[in-house]
Amino acid sequence: MRHLRINLATWVPIFFIILYLLPLGLRDLWSPDELRYAEISREMVSSGDWVVPRFNDLRYFEKPVMGYWMNAVSQLVFGETNFAVRAASAFSALGAAFCIFLLLARFASRPVAWLSSGIYLSMFMVSGVGTYSVLDSMLNLWLTASFTAFYFAIRSEELRQRAKYYGLAGFYCGCAVLTKGFLALALPVLVVVPYMFWDKQFKTILKWGWWVMLLAVLVCLPWGLAIHAAEPDYWHYFFWIEHIQRFAADNAQHSAPVWYYLPFLAAGVLPWLFWSPSAIGHLKGQMHSPLLRYALLWAILPLLFFSMAKGKLATYILPIMAPLAILFAFGIQQAFAKSCKGLTWGSWLNAILFALLAVTTLVLHYTGKLPLDAEEAYRPWLLFSIFAFWSAMAFLAIKATSLNGKIASYMLMPLGLFMLAWATFPNVSIYSKMPAKFMQQISHLVEPNTVLVADYPDTMSAFNWYFKREDVYLVGQKGEVRYGLEYPDAQHRFIETKHLAEFIEQQRRHAPVMVYYRDKPDMDGTLPETTERIDKGRYTILYYQAAAD
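Position one of the sequence shown corresponds to residue 0 (numbering that gives the first Met the number 0), numbered consecutively onward.
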């Protein structure tokens with residue numbers, strides 16, 4: 000790329016197709032997240048009930064409905080495939096990048112708009128979440144769209160334009176609430192209000208705040224009323240348990256220390272981490288720009304907010320990747336214009352580090368330190384190739400003479416990782432987190448009338464998705480479907496461990512029974528003798544042939 004002319008307007012869309020769309024169907028679905036979201040949306044399509052989310056035909060109220068709708072539409076379009084399960088996440092990442100482009104094309108320039116979009120799409124957290132089926136990428140689409148609309152509204156001078164953009168901001172906020180709940184409203188308020196103070200426009204937000212909230216409420220109201228009519232307890236559960244307990248209580252889910260996000264932030268901005276010191280250093284003379292001040296608050300305040308919350312997950316900070324991409328783009332552009340040596344030194348550090356990782360992979364393999372079987376000897380070489388390719392791209396960035404050439408080299412770095420990483424997963428991981436092959440292995444035993452029993456929602460979702468069944472029984476642990484199992488019409492779907500043997504004997508009088516464990520069960524003689532037992536990694540199947548057979 001030293002002498003090749005790179006046009007980012009062409010390169011960024013091609014990059015999205017290669018990095019995001021092509022790998023979507025290559026790897027099996029990951030348990031528990033991908034199987035859960037795939038199954039909830041599949042049941043929505045299968046049942047025709049687009050109001051009440053259900054998981055194994057049990058009420059599932061942990062999230063609102065927008066993400067399930069998006070996944071369900073994807074399955075309607077692309078079928079019940081791995082590609083369809085992840086497509087909504089991928090196109091949400093593209094939508095967020097498009098918002099960044101619109102924002103910078105209007106208030107900066109088209110070159111920096113393409114530059115920011117390319118940086119954003121190639122950030123490790125963005126591409127990782129954007130090629131994985133969780134709701135965070137979809138939430139981030141609506142949040143990025145709302146931040147973009149807010150800034151358009153703030154900088155608009157005509158009354159009609161302000162009404163339109165504040166209305167759009169409200170619409171997108173409503174979509175964010177429908178995707179992941181009320182806390183989606185907190186982030187725009189947390190950023191926009193301080194910015195309006197900084198920009199001396201606080202009276203403006205007071206004037207237009209009602210319009211934003213009205214549009215958000217109107218977006219949420221139809222489904223909010225529909226779910227209340229169908230399931231009156233939904234809002235009590237979702238508000239008090241999912242919001243208050245998760246984010247504020249001392250025993251909040253996913254509790255972590257205040258510094259929890261710092262390592263994820265560093266990893267999340269790869270490969271641009273190596274240029275970040277130079278980029279940030281060259282922002283000092285540009286902070287007079289209202290757009291950069293807005294991006295700075297957009298990046299810092301949500302990070303502080305999530306750091307102070309009790310419950311934490313790495314993907315919660317995905318919404319700050321967009322403003323970081325904007326800040327990096329301005330800083331990198333300025334650093335390159337001033338021939339900053341920091342970009343070159345950062346690329347050297349990048350190249351050397353990943354070259355060392357490549358060598359270390361082979362050293363660990365040939366010293367027997369990797370958890371691989373004999374037939375998996377090719378996997379370390381694939382991982383070596385991924386790291387070596389990354390290092391080669393960093394070296395190419397050093398040699399490139401144009402900014403676009405350097406940017407394209409950096410964008411290419413994660414390509415090998417996302418195209419080949421699935422093939423480097425050891426069998427120990429495949430047979431603990433990716434049950435597709437195990438389900439294929441046992442599929443000949445599963446008949447339409449086979450009674451299916453799973454020991455946890457993780458294993459339950461594999462039965463659900465791969466055999467298109469919504470009548471799986473749970474034994475031992477209720478996990479995330481505990482609330483759904485408390486309803487009187489669902490309590491029979493749970494079996495106490497001490498009653499499992501009796502249940503098996505009763506059911507096998509009429510049909511085969513299959514019990515699926517994610518960890519090897521304690522075979523202490525309490526269960527009937529199996530017709531067949533299949534073990535693979537963490538997974539165990541106990542199969543009982545019908546007595547009539």
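Note that beta-carbon positions come from the ideal geometry of N, C-alpha and C, so glycine has one too.
Would residue i and residue j be called neighbours here (beta carbons separated by less than 8 Å)?
| i | j | result |
| --- | --- | --- |
| residue 335 | residue 291 | no |
| residue 189 | residue 300 | yes |
| residue 141 | residue 178 | yes |
| residue 408 | residue 392 | yes |
| residue 80 | residue 129 | no |
| residue 165 | residue 211 | yes |
| residue 307 | residue 122 | no |
| residue 370 | residue 427 | yes |
| residue 145 | residue 171 | yes |
| residue 268 | residue 323 | yes |
| residue 265 | residue 331 | no |
| residue 302 | residue 260 | yes |
| residue 517 | residue 57 | no |
| residue 67 | residue 40 | yes |
| residue 353 | residue 386 | yes |
| residue 85 | residue 132 | yes |
| residue 186 | residue 318 | yes |
| residue 93 | residue 414 | no |
| residue 537 | residue 431 | yes |
| residue 176 | residue 183 | yes |
| residue 375 | residue 425 | yes |
| residue 383 | residue 350 | no |
| residue 423 | residue 381 | yes |
| residue 59 | residue 514 | no |
| residue 463 | residue 510 | no |
| residue 98 | residue 147 | yes |
Report the partner residues of residue i according to the DSSP bridge assignment.
| i | result |
| --- | --- |
| residue 494 | 474 |
| residue 541 | 514, 532 |
| residue 453 | 473, 515 |
Please report the residue range of the alpha helix (DSSP H) in which residue i lies.
| i | result |
| --- | --- |
| residue 142 | 135-154 |
| residue 185 | 182-197 |
| residue 331 | 320-336 |
| residue 176 | 158-179 |
| residue 201 | 201-229 |
| residue 46 | 32-46 |
| residue 500 | 499-506 |
| residue 417 | 414-423 |
| residue 481 | 481-484 |
Kindly indicate which three-state DSSP category residue i falls into: helix, strand or coil?
| i | result |
| --- | --- |
| residue 376 | coil |
| residue 58 | strand |
| residue 53 | strand |
| residue 345 | helix |
| residue 66 | helix |
| residue 524 | coil |
| residue 401 | coil |
| residue 122 | coil |
| residue 79 | coil |
| residue 269 | coil |
| residue 22 | coil |
| residue 6 | coil |
| residue 549 | Because the chain is modelled from 0 through 548, residue 549 falls outside the range shown and cannot be assessed. |
| residue 296 | helix |
| residue 288 | coil |
| residue 432 | helix |
| residue 365 | helix |
| residue 283 | helix |
| residue 443 | helix |
Taking all protein chains shown into account, decide if residue i is buried (16 or more other Cβ within 10 angstroms of its Cβ) or exposed.
| i | result |
| --- | --- |
| residue 377 | exposed |
| residue 209 | exposed |
| residue 539 | buried |
| residue 48 | exposed |
| residue 119 | buried |
| residue 367 | exposed |
| residue 69 | buried |
| residue 257 | exposed |
| residue 229 | exposed |
| residue 311 | buried |
| residue 52 | buried |
| residue 74 | buried |
| residue 446 | exposed |
I'd like to know whether the C-beta of residue i is nearer than 8 Å to at least one C-beta of chain D.
| i | result |
| --- | --- |
| residue 127 | You won't find chain D in this structure, because it holds only one protein chain. |
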